[in-house]
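Numbering of the sequence shown is given in my numbering, commencing with residue 546 and proceeding in unit increments. Glycine is no exception: its CB is placed at the ideal position from the N, C-alpha and C atoms. Since this is a predicted model, take the numbers as computed values, not measurements.
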Amino acid sequence: MRTKPTRPPYGPAMITRRIATAATAVALALPVVALTSTEADAAGTYYSSCAKLTREFRHGVAKSATAAAKQVRLGNGRPATTARAKKVYWANYKRLDRDKDGTACER
546 MRTKPTRPPY GPAMITRRIA TAATAVALAL PVVALTSTEA DAAGTYYSSC
596 AKLTREFRHG VAKSATAAAK QVRLGNGRPA TTARAKKVYW ANYKRLDRDK
646 DGTACER
């Protein structure tokens, strides 16, 4: 025997429920966003030399996975391509990417 499917609630009760759910989600997400995004990560970290950058990123930083793969083909180690590494690259590439190949401080 088949049961009759129930209809989802409509009208003012459903709208109130959705607004309450959305407000709760926003309230819970705000502290998480505030804790995870810092000004240093957003702007990228400044490194004055490759020696300082390679203390944290052993094989340097690349602007893309393609640039990192090129370094591997050339016999270097694979540079970091994480989101943070890309921010570091864009904050430092004018000084530290001297050969303009998309990888700063490759080793």
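| Residues bridged to Val606 (per DSSP) | Ala625 and Ala649
| Which class does Arg618 belong to by DSSP, given the choice of helix, strand or coil? | helix
| task | State the CB to CB distance for the pair Gly605 and Thr599, rounded to an integer number of angstroms; the pair is presumed to be in contact (CB under 8 Å). | result | Contact between Gly605 and Thr599 holds: their C-beta atoms lie close to 7 Å from each other, under 8 Å.
| request: Would you kindly work out how many angstroms separate the C-alpha atoms of Pro557 and Arg603, rounded to a whole number? | output: The straight-line gap from Cα to Cα measures roughly 58 Å.
| Straight-line gap, Pro576 to Ala570 (C-alpha atoms, nearest Å) | 11 Å
| Does the distance from the C-beta atom of Lys615 to that of Asp646 stay below 8 Å? | Cβ atoms of Lys615 and Asp646: closer than 8 Å.
| If Pro624 sits next to Thr590, beta carbons under 8 Å apart, how far is it from one beta carbon to the other, in whole angstroms? | So it is not a contact: roughly 15 Å between Cβ atoms.
| said: Buried or exposed for Lys608, going by 16 or more other Cβ atoms inside 10 Å? | reply: With 16 or more Cβ atoms within 10 Å of its Cβ, Lys608 is classed as buried.
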